[in-house]
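Chemist: This is the structure I have questions about; it appears just below.
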Amino acid sequence: MADFLHGPWFVDLVRTADLAILWYMLLVNSFFALLLVLAAPQLFAHWRFGSEDVLARSLTSSAVPRVSILVPAYNEAVTIVDSLRALLTLQYPYFEVILVNDGSKDETMQVLVDAYDLYEVPPAVMRRLRTERVKAYYRSRTWTKLLVVDKHNGGKADSLNVALDAARFPYVLACDADTLIEPDALLRLARPFLFDQKIAAVGGTIRVVNSCTVQEGRVTEARVDHRWLSGIQTVEYLRAFLFGRLGWNLLGGNLIISGAFGLFRRDYLTEILGYATSTVTEDFELIVRLQRHLREQDIAAKVVFIPDPVAWTEVPTSVAVFGRQRERWHRGLIATMVAHRQVLFNPKYGATGLIAMPYFLFAELLAPVVEATGLVITVLCTMAGILSVRFAVAFFIAAYLFGTLLSLAAILMEEVSFHRYRRPADTARLLWFAFIEPFGFRQITVWFRLKAFYKFLKGDHSWGRMRREGFGATTPASTSASAGL
Amino acid sequence: MLSLDVLSVAMALEGVLIAIALGGLVLLRMWLVARAHRVEAGVAALEPQLHHWLVEDTPPDAIVRALRALPTYVAFRSVARLATGYLTFERQQRLAPLLRHETWVREVLNGGESLLWWRRFDAARLLSIVGGPDDAPLVASLLSDTSPAVRLVAIDAAARLGGALVDFELATLPSRQDAVQQYQYAALGRHPAAVVAAVEARLTPLETPQRLTTWIDAAAALAHPSVLWRVRDMALHPDPNVRLHVARALRRQPEPETVPVLLRLLQDDDWRVRAQAARALGALRATSAALPLARAVRDRAWWVRYRAALALAQIGGSARGELLLVARGDDLLARDMAKLVAGLSSAAVVEMSEV
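Which chain is which? The protein sequence lines are D and B, in order.
Going left to right, the first sequence walks through residues 1 to 485 as the numbering used here numbers them.
Going left to right, the second sequence walks through residues 1001 to 1355 as the numbering used here numbers them.
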């Protein structure tokens, strides 16, 4: 074994691989730094645009677009009443909510009927997309903006397509049933339309709701969970949204509008036949297809991200559920990249083909493979004496400090701009989680993302079971509503 | 290969940046807390004076004095908050001349020609509250600013100045996106006297269909009888898009002569025109249109069925009777639509008809 490890071809191979990995990390980290630099001025701009008086003018204006909010729900009996109430009481002049119960096996439908006084109506909706069979349509006696569709189980994408068919308005907001949208979030999300831009889709920020104080479907106090898994995800989300996606706006190839909170032009979605039901990450796949459609049809509409509209979502608190989620996300990424491989490096697709897709291939899809390979090679080489221990340690420290620096930058940007976490203890927690993220969390994530390759090759299309804890404090009002009182 | 020296330099640099970030976070939090306290204190100091002015109708001089005592950014933020949250347009008009020559106001307005967009943005925000006729050149330059945010807020500033900038604003309208056009219509609508004549002059068949639809929408937003008469004359325009906008605009003209025009548009070849005509007939409560609307509930286009059924429900009385007849008829699609709408509460009918 020792002879094998010291053989000249093996040493050369390892050195080449080592060098490739070093260059990979240098390039990827430089790209992250570039995103950070691009994001900072935009964050400042959006913070200024979001001033109260400017927002108040939009609210009283008839200029904001009409929006249909699409909410797919599957086994959401625990949170559905609160989240739906939060949607129905959004500060926005023109909207409707279309909730689709995707054949839930729990009491979701009954809870809805009781809480919102639903009655069945005839199926007088347009049908443009092929979906699973709808059982019935319901309207509410108490909430005129609400339409509920009960259908056979067909998955999230299928439910979104049913809702898209039933939508009356020219813009649709796709959001998850377990997501709490802030009262003024939709108004903020409509801002790009008032800025004279031709918009195909707009995404807002998703924040972590675990441990926050929630009253009547509203986050009244933002807190950082003390548990390591959800705490680290809070930092991770800040990093992803405050500079990751914001930076992409200027590069012109924004490929992620979160499925939990994104506003789209309905006609573009129907032109591309809605959401793909065969994928497990329908949001990512949709944006790639939308960007392709815009390029192929020569439509100069943009896909943009803006940071100040906020929706809150519950993140997994157990490693098993977290693993299933990350494995599914990565499997969806692989499937989408394979399905749209002709976009890669294709100048016809502009920034999407030349920057965004290559980035997702190298910095996202291959990241766990490179990271795991790098770790194994470094350990082996250090043990075999090919690589000096000092160098290996220095390299890990440099990589660790760079990752931590990016997280700190995201926390700093949050403090400068939106400053949601008011308590110093929460900021201290964010800092703590930024420092400990590389120990354990990263390796777990790499493991589950590697599993995604195996499952993808096996042809697995399952979502995996998710478990919800429900939103922190449940108020008497929401209890009585769910009891139909 | 990266040498250990390079890594050492990188580590040292990262360490320094991390230390700066941590120190920055602490200082920033202290500064933010202090600033928030100053703003809150400023707004609290204004409240008694504001109360006296709004409730007891005392002169607003005390408010001006209270604002003068505050740092510029606090005074500016307080006025911006007051103007949008508490003050009617008339109150703003009374306060504006008193504030216009205050030092802190001049300081903010000087930013209107700054190279920094956020200073121009603040100047436009303040001009929308305190702007006067002398500010017309500055507002005109802000209306064509490179920053869309500045342009948007400048629309409100222009609205304060009356007719001075109407032609300038109308010239930019056709090139704007829908949402911005709507925003401009609302702003222009505050000065109907100046705008009506300008829009009326543009409503001629010689205009291109695209520009004509813009003027028709402007006329609808103004809802002034004389411009709407002009709009009605466009009902036979060969371009379906123009007829669509005409049908939409005519719901603002509650005149007996409008109904026959809309009934003709209800027979249009383009389903979008038929749908908007049905909607307009409902909005005008055109009882004489009950039978044609009942026929329109059997239209092949979903939107026409939907708008016609809502119109019947909105008109009420015998029209609702027609809707119930359709609900018992043989046409399955019409029956479903009629049943759906007939089951809606009156609040739901109003809401769904409006948007």
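The beta-carbon is built from N, C-alpha and C at its ideal position, and this holds for glycine as well.
Count the C-beta pairs between the stretch 1103-1113 of chain B and the stretch 1060-1077 of chain B that are closer than 8 angstroms, then say yes if the count reaches three, no if not.
Modeler: Contact holds between the stretch 1103-1113 of chain B and the stretch 1060-1077 of chain B, because three or more Cβ pairs, one in each stretch, are under 8 angstroms apart.
Chemist: Answer yes if the stretch 6-16 of chain D comes into contact with the stretch 352-364 of chain D, meaning at least three C-beta pairs across the two stretches below 8 angstroms, and no otherwise.
Modeler: no
Chemist: Taking the beta carbon of Ala1348/B as the centre, do at least 16 other beta carbons fall within 10 Å, making it buried, or is it exposed?
Modeler: buried
Chemist: Return the chain-ordered list of same chain residues with a C-beta closer than 7 angstroms to the C-beta of Pro542/D, the five sequence neighbours on each side being excluded.
Modeler: One cannot answer for residue 542/D here, as it falls past the ends of chain D, which runs 1 to 485.
Chemist: Closest Cβ-Cβ distance between Met413/D and chain B: below 7 angstroms?
Modeler: no
Chemist: So the beta strand (DSSP E) Thr179/D belongs to, where does it begin and stop?
Modeler: Thr179 to Ile181
Chemist: Can you list, in chain order, the residues of its chain with a C-beta nearer than 6 angstroms to that of Leu344/D? Leave out the 5 residues immediately preceding and following it.
Modeler: Met357
Chemist: DSSP on Ile1018/B, reduced to helix/strand/coil?
Modeler: helix
Chemist: Could you spell out where the beta strand (DSSP E) holding Glu96/D opens and where it closes?
Modeler: Phe95 to Asp102
Chemist: Can you pull the chain D neighbours of Asp1330/B, defined as C-beta to C-beta under 8 angstroms?
Modeler: Result: empty, since nearest Cβ-Cβ is about 15 angstroms, beyond 8 angstroms.
Chemist: Please tell me whether Asp1336/B has its Cβ less than 7 angstroms away from any Cβ of chain D.
Modeler: yes
Chemist: Does Asp426/D get closer than 7 angstroms to chain B when you measure Cβ to Cβ?
Modeler: no
Chemist: Taking the alpha helix (DSSP H) that Thr381/D belongs to, which residues open and close that run?
Modeler: What sits at residue 381/D in the sequence shown is Cys, not Thr. From DSSP, the alpha helix (DSSP H) with Cys381/D extends over Ala367 to Ala384.
Chemist: Express the C-alpha separation of Pro1240/B and Asp1270/B in angstroms, rounding to a whole number.
Modeler: 7 angstroms
Chemist: Let me confirm a value: Val1074/B is counted as buried when at least 16 other C-beta atoms fall within 10 Å, else exposed. Which label applies?
Modeler: buried
Chemist: Does any CB atom of chain B fall closer than 7 angstroms to the CB of Arg48/D?
Modeler: yes
Chemist: Can you pull the chain D neighbours of Met1030/B, defined as C-beta to C-beta under 9 angstroms?
Modeler: Within chain D, no residue comes near Met1030/B; the closest Cβ sits about 10 angstroms away, beyond 9 angstroms.
Chemist: Compare the C-beta of Glu980/B with all C-beta atoms of chain D and state if any pair is closer than 7 angstroms.
Modeler: Residue 980/B lies beyond the range of chain B shown here (1001 to 1355); nothing can be said about it.
Chemist: Comparing C-alpha positions only, which one of Leu129/D, Lys151/D, Leu273/D and Thr131/D sits nearest to Tyr137/D?
Modeler: Lys151/D
Chemist: Apply the 10 Å Cβ neighbour rule to Glu1354/B and answer buried if 16 or more other Cβ atoms are within range, or exposed otherwise.
Modeler: Exposed, by the Cβ-count rule.
Chemist: Measuring straight from C-alpha to C-alpha, what distance separates Leu186/D and Leu90/D?
Modeler: 7 angstroms
Chemist: What do you reckon, are the CB atoms on Val376/D and Thr382/D nearer than 7 angstroms?
Modeler: no
Chemist: Among all the DSSP beta bridges, which residues are the ones paired with Cys175/D?
Modeler: Phe261/D
Chemist: Show which residues of chain B have a CB atom less than 9 angstroms away from the CB atom of Gln110/D.
Modeler: By Cβ distance, chain B contributes nothing, its closest Cβ being about 21 angstroms from Gln110/D, past 9 angstroms.
Chemist: Using a Cβ cut-off of 7 angstroms (strictly closer), state whether Glu1014/B contacts chain D.
Modeler: yes
Chemist: I'd like to know if the stretch 245-263 of chain D and the stretch 294-310 of chain D are in contact, where contact means that at least 3 CB-CB pairs between them fall below 8 angstroms.
Modeler: In short, these stretches touch, since the Cβ pair count reaches three.
Chemist: Just the chain B side, please: which residues come within less than 9 angstroms of Met357/D by C-beta, in chain order?
Modeler: Under the 9 angstroms cutoff, chain B gives no residues; its nearest Cβ is about 28 angstroms from Met357/D.
Chemist: Going by DSSP in three states, Lys105/D sits in which element: helix, strand or coil?
Modeler: In the three-state DSSP reduction, Lys105/D falls in the coil class, being neither helix nor strand.
Chemist: Taking Cβ to Cβ, would you say His1245/B is nearer than 7 angstroms to Thr1204/B?
Modeler: no
Chemist: If we require 3 or more residues per run, which beta strand (DSSP E) segments fall completely within the stretch 295-334 of chain D?
Modeler: 302-313
Chemist: Once DSSP output is grouped into helix, strand and coil, what is the label at Arg85/D?
Modeler: helix
Chemist: Starting from Tyr74/D, follow the alpha helix (DSSP H) in both directions and report where the run begins and ends.
Modeler: Counted as a single uninterrupted DSSP element, the stretch harbouring Tyr74/D is not any alpha helix (DSSP H), since DSSP gives it neither H nor E.
Chemist: DSSP on Lys458/D, reduced to helix/strand/coil?
Modeler: Lys458/D: helix per DSSP, three-state reduction.
Chemist: Around the C-beta of Ala473/D, are 16 or more other C-beta atoms found within 10 angstroms, so that it is buried, or is it exposed?
Modeler: Unreliable placement is indicated for Ala473/D, whose pLDDT of 46 sits below 50; the coordinate value is still reported in the next sentence. Ala473/D should be labelled exposed.
Chemist: Please list, in chain order, the chain B residues whose beta carbon lies closer than 8 angstroms to that of His419/D.
Modeler: Leu1032
Chemist: Which partner residues of Gly203/D appear in the DSSP bridge assignment?
Modeler: Gly262/D and Phe305/D
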